[in-house]
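Visitor: All residue numbers for the sequence shown refer to our numbering, where the first residue is 17 and numbers rise by one.
Positions of the beta carbon are idealized from the N, C-alpha and C atoms, including for glycine.
Because the structure is a prediction, the values reported are computed rather than measured.
What follows is a single structure, and I will ask about it in a moment.
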Amino acid sequence: MIGEETVVLKGVTLPGGRVADLTLGDGRVVHVGAAGRADEVIDAAGLLCIPAAVDMHTHLRGGATQGAKEDWASGTASALSGGVTVVVDQPNTVPPLTTHEAFRARVSEARDHALCRFAINAGIVPGADLAGLWQEGAMAFGEIFAGPSSYGAAVPEDTLKDAFLTLRDLGALATVHAEDPLPGTPATLADHDRLRPADAEVRAVRTVSSLLPPGGRVHFCHMSTAAAVDAAVGTVEVTPHHLFLSRERFAPEDTHARVNPPLRSEEERRRLWSRWERIDVVASDHAPHTAGEKAAPFADAPSGMPGVETMVPLLMAAVREGRISLSSVIEKTAIKPAQILGIPAAGFVPGKRADFALYPAEPRKIDPETLHTKCTWTPYEGMEAVFPEIVVMEGACVVRDGEIAAGTGGSWMPGKGYIR
Numbered sequence: 017m018i019g020e021e022t023v024v025l026k027g028v029t030l031p032g033g034r035v036a037d038l039t040l041g042d043g044r045v046v047h048v049g050a051a052g053r054a055d056e057v058i059d060a061a062g063l064l065c066i067p068a069a070v071d072m073h074t075h076l077r078g079g080a081t082q083g084a085k086e087d088w089a090s091g092t093a094s095a096l097s098g099g100v101t102v103v104v105d106q107p108n109t110v111p112p113l114t115t116h117e118a119f120r121a122r123v124s125e126a127r128d129h130a131l132c133r134f135a136i137n138a139g140i141v142p143g144a145d146l147a148g149l150w151q152e153g154a155m156a157f158g159e160i161f162a163g164p165s166s167y168g169a170a171v172p173e174d175t176l177k178d179a180f181l182t183l184r185d186l187g188a189l190a191t192v193h194a195e196d197p198l199p200g201t202p203a204t205l206a207d208h209d210r211l212r213p214a215d216a217e218v219r220a221v222r223t224v225s226s227l228l229p230p231g232g233r234v235h236f237c238h239m240s241t242a243a244a245v246d247a248a249v250g251t252v253e254v255t256p257h258h259l260f261l262s263r264e265r266f267a268p269e270d271t272h273a274r275v276n277p278p279l280r281s282e283e284e285r286r287r288l289w290s291r292w293e294r295i296d297v298v299a300s301d302h303a304p305h306t307a308g309e310k311a312a313p314f315a316d317a318p319s320g321m322p323g324v325e326t327m328v329p330l331l332m333a334a335v336r337e338g339r340i341s342l343s344s345v346i347e348k349t350a351i352k353p354a355q356i357l358g359i360p361a362a363g364f365v366p367g368k369r370a371d372f373a374l375y376p377a378e379p380r381k382i383d384p385e386t387l388h389t390k391c392t393w394t395p396y397e398g399m400e401a402v403f404p405e406i407v408v409m410e411g412a413c414v415v416r417d418g419e420i421a422a423g424t425g426g427s428w429m430p431g432k433g434y435i436r
């Protein structure tokens, strides 16, 4: 959906503190300053305007078997409502996106139902046609499971090594879930942490790094420990749940806090924050499971939690508290993800992609009843967050005061190997 009309965001506060009118047209920024003629003027006085986020790690479910957890409509409604206008879907769907047919079907489903812009990654298994999937439009490959996780089997090292060579020659990005779990079945959050320990995460990072050929590109997903961040080559991603949650916040057997990699101790959570400057990307790893699924005994409950709608609002609350800078949030949620993926970045220079989220000054407590995910719960319930009042995508206002505009629809952003 392209905003064909000229839209003016009147009196926005820009990240540097300047108050100005922002004129948008044909999906791009036209002018920053006093506005001229416009088809629509939106009063944005008192709202802080920043580039909308690119969430490069989401699991949007859907399909014939997982639509009760989430689907493209509900997941992308969550994204837009949290200030995210581009989502990247991961390939451990049912069926997994390791064939041409499965990939095309996933793109078709998203085109029919997504409300925001979307990209889709392809998976890696022995014998997969990586060059063909690249030509089908895969944005990247992975998350590739170096260790098993929910809906994802570990990729053998020889397969991974060969895949890295192929991806390097294609110019494609590999995104990796780096864990090396110990044998055993957890009964509590502490058990889960013990069986997927920090040193095993570091070991997996080093093993993956050793398999990467010269010139290869790798992105490490959801690093949960400071040591793993330190060990990583390539680019590093961290999730809001590893930044804002520790296992001590939850009862020992609370399955809502079960996620891979595990929530760590409060001490380790604080150490992870100390690597804020090294972290390239904050992404949600939005992995909604229903409340019913999470009600299973701990040993049987799936790992994962929702987060695409609360990711940027939690970070904006941290900015308000003075814990991190606004510029670093913009860098890690909008600029760097776009740069890594090779897609146009949103920004305030004329000609830039006109995707913005406009935030009030005051936070509110996160209430699962107001969120848009189908799974109906959030691990952040009661925490303070600053949600956007207005979201603009492709130069058009798509969210205002919690309501998504009628007719809102997203577009596919294929990867660089796409052959039309």
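(1) Using beta-carbon positions only, say whether K390 and S97 come within less than 8 Å of one another.
(2) Alpha carbon to alpha carbon, how far is S124 from M17? Give it in angstroms, no decimals.
(3) Cα separation between L205 and V365?
(4) Can you give me the C-alpha to C-alpha distance between S262 and L288, rounded to a whole angstrom?
(5) Excluding the 5 residues preceding and the 5 following L334 in the sequence, name in chain order all residues of the same chain whose CB lies nearer than 7 Å to its CB.
(6) Could you tell me the boundaries of the alpha helix (DSSP H) in which A162 lies?
(7) Short check: CB of H257 to CB of P395, under 8 Å?
(8) Which residue's Cα is closest to the Cα of S281: G323, R210, P304?
(9) Helix, strand or coil for W393 per DSSP?
(10) Inspect the beta-carbon positions of H75 and H302 and report whether they are closer than 8 Å.
(11) Have a look at T182 and L189 and give me their C-alpha separation to the nearest angstrom.
(12) Which ranges would you report for the beta strand (DSSP E) in the segment 109-135 if only whole runs of at least 3 residues count?
(13) Under 8 Å, do M429 and I359 count as touching if we go by C-beta distance?
(14) Does DSSP put M409 in a helix, a strand or coil?
(15) Does the segment 33-44 touch the segment 368-375, meaning 3 or more C-beta pairs lie closer than 8 Å?
(16) Of all the options M399, G433, V415, V103, which has the alpha carbon lying nearest to the alpha carbon of R265?
(17) As a quick exercise: from P404, A350, L228, pick the residue whose alpha carbon is nearest that of V28.
(18) Please go through the same chain and pick out, in chain order, the residues whose beta-carbon is closer than 6 Å to the beta-carbon of D145, but skip the five residues on each side of it.
(19) Verify whether the separation of the beta carbon atoms of C237 and E253 is less than 8 Å.
(20) Below 8 Å on the Cβ atoms is my contact criterion, and I expect F157 with A170 to pass it. Report the Cβ-Cβ distance as a whole number of Å.
(21) Using beta-carbon positions only, say whether A362 and P67 come within less than 8 Å of one another.
(22) Would you give the residue range spanned by the beta strand (DSSP E) that M72 belongs to?
(23) Report the option in G78, V402, V297 whose CA atom is closest to the CA atom of G250.
(24) Are V402 and Y375 closer than 8 Å when you measure CB to CB?
(25) Please name the residue in P197, I351, T115, K26 whose C-alpha comes closest to that of A69.
(26) By the three-class DSSP mapping on this structure, what secondary structure does H193 have?
(27) Determine the direct distance from the alpha carbon of E56 to that of A377, and round the result to whole angstroms.
(28) Using C-beta distances below 6 Å, list every residue in its chain close to A5, excluding the 5 sequence neighbours before and after it, in chain order.
(29) DSSP state of V402, grouped into three classes?
(30) Which residues does DSSP pair with C237 in a beta bridge?
(31) Kindly indicate which residue of T424, H116, P329, G338 has the alpha-carbon position closest to the one of W88.
Guide: To lay it out plainly:
(1) Taking the first residue of the sequence shown as 1, we reach residue 390 at position 374. Taking the first residue of the sequence shown as 1, we reach residue 97 at position 81. No, Cβ-Cβ distance for K390 and S97 is not below 8 Å.
(2) The residue you call residue 17 lines up with position 1 of the sequence shown. The residue you call residue 124 lines up with position 108 of the sequence shown. Per-residue confidence for M17 stands at a pLDDT of 45, beneath the threshold of 50, marking its modelled position as unreliable; the derived number appears in the next sentence. Between M17 and S124, the C-alpha separation is close to 16 Å.
(3) As a working note, residue 205 is residue 189 in the sequence shown. As a working note, residue 365 is residue 349 in the sequence shown. In a straight line, the C-alpha of L205 is about 47 Å away from that of V365.
(4) Taking the sequence shown and counting its residues from 1, the one referred to as residue 262 is at position 246. Taking the sequence shown and counting its residues from 1, the one referred to as residue 288 is at position 272. Rounded to the nearest angstrom, the two C-alpha atoms are 11 Å apart.
(5) By one-based count along the sequence shown, residue 334 stands at place 318. Rather than Leu, the amino acid found at residue 334 in this sequence is Ala. Cβ neighbours of A334 beyond the five flanking positions: I340.
(6) For the purposes of this step, residue 162 is taken as the residue at position 146 of the sequence shown. For A162, there is no enclosing alpha helix (DSSP H), since its DSSP letter is neither H nor E.
(7) Numbered from 1 along the sequence shown, position 241 holds the residue referred to as residue 257. Numbered from 1 along the sequence shown, position 379 holds the residue referred to as residue 395. Result yes, Cβ atoms of H257 and P395 sit closer than 8 Å.
(8) For the purposes of this step, residue 281 is taken as residue 265 along the sequence shown, with counting starting at 1. Check the Cα spacing between S281 and each of G323, R210, P304: the tightest is with R210.
(9) Sequence index remark: in the sequence shown, residue 393 carries index 377 (1-based). In the three-state reduction of the DSSP assignment, W393 falls in the coil class.
(10) The residue given as residue 75 occupies position 59 in the sequence shown. The residue given as residue 302 occupies position 286 in the sequence shown. Cβ atoms of H75 and H302: closer than 8 Å.
(11) Within the sequence shown, residue 182 is the residue found at index 166, counting from 1. Within the sequence shown, residue 189 is the residue found at index 173, counting from 1. Rounded to whole angstroms, the separation of the alpha carbons of L189 and T182 is 11 Å.
(12) If we require 3 residues or more, the segment 109-135 turns out to have no beta strand (DSSP E) run fully inside it.
(13) On the sequence shown, residue 429 is found 413 positions in, with the first residue counted as 1. On the sequence shown, residue 359 is found 343 positions in, with the first residue counted as 1. Contact annotation: M429 and I359 have beta-carbon atoms nearer than 8 Å.
(14) Within the sequence shown, residue 409 is the residue found at index 393, counting from 1. Reduced to three states, the DSSP call for M409 is strand.
(15) With the cut-off at 8 Å, the segment 368-375 and the segment 33-44 touch.
(16) Reading the sequence shown from its first residue, position 249 is the one you call residue 265. Of the candidates M399, G433, V415, V103, the one whose C-alpha sits nearest the C-alpha of R265 is M399.
(17) Mapped onto the sequence shown, residue 28 falls at position 12. Comparing alpha-carbon positions, the option among P404, A350, L228 lying closest to V28 turns out to be P404.
(18) The residue labelled residue 145 in the question sits at position 129 within the sequence shown. Nothing meets the Cβ criterion.
(19) As a first step, residue 237 must be located in the sequence shown, where it is residue number 221. As a first step, residue 253 must be located in the sequence shown, where it is residue number 237. Their beta carbons are under 8 Å apart, which means C237 touches E253 by this criterion.
(20) The residue you call residue 157 lines up with position 141 of the sequence shown. The residue you call residue 170 lines up with position 154 of the sequence shown. Between A170 and F157 the Cβ distance is about 15 Å, and since that is not below 8 Å, they are no contact.
(21) To locate residue 362, count along the sequence shown from 1; it is residue 346. To locate residue 67, count along the sequence shown from 1; it is residue 51. With respect to the 8 Å criterion, A362 and P67 are classified as neighbours on the basis of their beta carbons.
(22) Translated into the one-based positions of the sequence shown, residue 72 becomes position 56. Here the beta strand (DSSP E) through M72 covers 69-74.
(23) The residue labelled residue 250 in the question sits at position 234 within the sequence shown. When only C-alpha atoms are compared, the closest one is V297.
(24) Along the sequence shown, one-based indexing puts residue 402 at 386. Along the sequence shown, one-based indexing puts residue 375 at 359. Their beta carbons are under 8 Å apart, which means V402 touches Y375 by this criterion.
(25) Here residue 69 refers to the residue found at position 53 of the sequence shown. For A69, the nearest C-alpha among the options comes from I351.
(26) In the sequence shown, residue 193 corresponds to position 177, counting from 1. The answer is strand: DSSP assigns H193 an E or B state.
(27) Position 361 of the sequence shown, counted from the start, is the residue given in the question as residue 377. Position 40 of the sequence shown, counted from the start, is the residue given in the question as residue 56. If you take the alpha carbons of A377 and E56, they lie about 24 Å apart.
(28) With the chain covering 17 to 436 only, the question about residue 5 has no answer from this structure.
(29) Position 386 of the sequence shown holds residue 402. Note: V402 maps to coil in three-state DSSP.
(30) Counting from 1 along the sequence shown, the entry for residue 237 is found at position 221. When DSSP reads this structure, C237 sits in no beta bridge, so it has no partner.
(31) If you number the sequence shown from 1, residue 88 lands on position 72. Comparing Cα positions, the closest option is T424.
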